Amino acid sequence: MTTTTAPFPFGVPARQSHVLAGLDALARAIPQALILEGGTASERSAMAMWLAARLNCRDASPPCGACPVCVQIRDLVFLDLQYFDGGVETIKVADMREVRTLVGEPPRGPGWRVIILAEAQGLTDEAANALLKAMEEPRPGNVFVLLSPQRERLFPTLVSRSFVMTLAWPDASVSLPAGGEDDPWPVLDALYGFWRSGRGWFSGVKGRPTRLTAERVLTELSRELAGFLAGRADTPFTARLRVCGDPDVPRRMDVLLAECQEALIAMVNPAVVLDRLATRAYLWLRG
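Numbered per my numbering, the sequence shown spans residues 764 to 1050.
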């Protein structure tokens, strides 16, 4: 990665530099709980890791990105860093009960203990309640950092107890990259084909899509819907929106995508969520 796109430690991109400056100022009097919303999942994670290093690196201008503390944080082996990723697997109540016990103790080192919950919308209801209890009376030196696309996808009580910072939102003109274990494009291509012809949906989706795959599908469709509302119709989805003949369909699609997001948070089977999306939208887009 070039310094043009990521001039800061931990892969924080240049487009988030103004947010990073605010985060640096906030680190001087860090709140007990912080929510980072907006951006992409990788950008939110990079910012959280940068903050963990900012609070623990002993360099004159932290974080240096090269000292043993920074290296340990980057490798997720720093003793005063707890990292949970709800985008990989559900954040369970047992994890948050362990955190509650841990934050009852002071940090092991001279800096801060940082508990990062990436894709915190992946908390189960029980885990969210256990996290709230952990946030009630932590010992000094503990800070919670919750990462989520939008604060609205978290429990309102978690939001009310947290300081919220919003990263620059993803560019609506840039689509998600293909490739990787959770590549959304095979599913998206199957959706596009089904909405066009009414055939091939089940045969076009191979295997069982993961929750992260479904999340990425919904993110891409939301991006394309935003592009359509801005006047673009340069994808199969937006082209179908343009010719469907019902001006209310974009609003209904927006509601449907939000409902699908909520279903994933509620741990509904991703295949069931995507099937509902495919069939409901087909009825609107076939015109």
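Each residue gets a CB set at the ideal place from its N, CA and C atoms; glycine is no exception. Source: prediction; values computed, not measured.
How close, in whole Å, do the beta carbons of residue i and residue j come, if the pair is a contact with beta carbons under 8 Å?
{"i": "Ala-881", "j": "Phe-907", "result": "Wrong, their Cβ atoms sit about 12 Å apart, outside the cutoff."}
{"i": "Thr-976", "j": "Pro-903", "result": "That belief does not hold up - the Cβ atoms of Thr-976 and Pro-903 are roughly 41 Å apart, past 8 Å."}
{"i": "Leu-853", "j": "Gly-828", "result": "With the sequence shown as reference, residue 853 is identified as Thr, and Leu is not the correct amino acid for it. Contact flag wrong, Cβ pair sits at about 32 Å."}
{"i": "Trp-813", "j": "Pro-772", "result": "6 Å"}
Within a Cβ cutoff of 8 Å, which residues of the same chain sit near residue i, ignoring the five residues on either side of it in sequence?
{"i": "Leu-1078", "result": "Lying outside 764 to 1050, the shown extent of the chain, residue 1078 is not represented and no answer is given."}
{"i": "Thr-768", "result": "At Thr-768, the pLDDT of 46 sits below 50, so the modelled position is not reliable; the number obtained from the coordinates is stated separately. Taken in chain order, the residues that qualify are Pro-776 and Ala-777."}
{"i": "Cys-1007", "result": "Trp-1047, Leu-1048, Arg-1049 and Gly-1050"}
{"i": "Leu-797", "result": "Leu-789, Leu-814, Val-906, Phe-907, Val-908, Leu-909, Ser-925, Phe-926, Val-927 and Met-928"}
Within a Cβ cutoff of 6 Å, which residues of the same chain sit near residue i, ignoring the five residues on either side of it in sequence?
{"i": "Pro-794", "result": "Phe-926"}
{"i": "Leu-839", "result": "Tyr-846"}
{"i": "Gly-774", "result": "Ala-809"}
Which residue from the options puts its Cα closest to that of residue i?
{"i": "Phe-1000", "options": "Trp-958, Trp-964 and Ala-1029", "result": "Trp-958"}
{"i": "Thr-929", "options": "Ala-777, Phe-771, His-781 and Gly-774", "result": "His-781"}
{"i": "Asn-905", "options": "Asp-787, Leu-975, Pro-870 and Leu-786", "result": "Pro-870"}
{"i": "Pro-912", "options": "Arg-986, Leu-894, Val-877 and Ala-953", "result": "Arg-986"}
{"i": "Leu-917", "options": "Pro-949, Ala-883, Ala-897 and Ala-890", "result": "Ala-883"}
{"i": "Asp-945", "options": "Leu-839, Thr-920 and Leu-981", "result": "Leu-981"}
{"i": "Trp-875", "options": "Ala-897, Leu-842 and Gly-828", "result": "Leu-842"}
{"i": "Leu-910", "options": "Gly-850, Ala-890, Thr-920 and Pro-901", "result": "Gly-850"}
{"i": "Leu-895", "options": "Val-922, Pro-873 and Phe-771", "result": "Val-922"}
{"i": "Val-1036", "options": "Glu-900, Glu-978, Pro-1010 and Ala-1002", "result": "Glu-978"}
{"i": "Pro-901", "options": "Glu-861, Leu-1019, Thr-887 and Ala-931", "result": "Glu-861"}
{"i": "Thr-973", "options": "Pro-831, Val-1031, Ala-811 and Ala-809", "result": "Val-1031"}
Less than 7 Å between the C-beta atoms of residue i and residue j, yes or no?
{"i": "Arg-1063", "j": "Ala-790", "result": "This structure leaves residue 1063 out entirely; the chain is present only between 764 and 1050."}
{"i": "Ala-804", "j": "Ile-836", "result": "no"}
{"i": "Ala-893", "j": "Val-866", "result": "no"}
{"i": "Arg-924", "j": "Met-898", "result": "yes"}
{"i": "Leu-954", "j": "Ala-1021", "result": "no"}
{"i": "Leu-1019", "j": "Arg-1043", "result": "yes"}
{"i": "Ala-811", "j": "Ile-879", "result": "yes"}
{"i": "Gln-779", "j": "Ala-1002", "result": "no"}
Which one or two residues does DSSP pair with residue i in a beta bridge?
{"i": "Met-928", "result": "Leu-799"}
{"i": "Val-877", "result": "Leu-844 and Val-906"}
{"i": "Ile-1063", "result": "No statement about residue 1063 is possible, as the shown extent of the chain runs from 764 to 1050 and does not include it."}
Leaving aside the five residues before and after residue i along the sequence, list all residues of the same chain whose C-beta is less than 7 Å from its C-beta, in chain order.
{"i": "Thr-765", "result": "Because the pLDDT at Thr-765 is just 32, under 50, the model does not fix this residue reliably, and the point stays unresolved."}
{"i": "Arg-863", "result": "Ala-893, Lys-896 and Ala-897"}
Looking at the C-beta of residue i, does it have a partner C-beta in chain C at a distance below 7 Å?
{"i": "Val-908", "result": "The displayed structure is made up of one protein chain only, and chain C is not part of it."}
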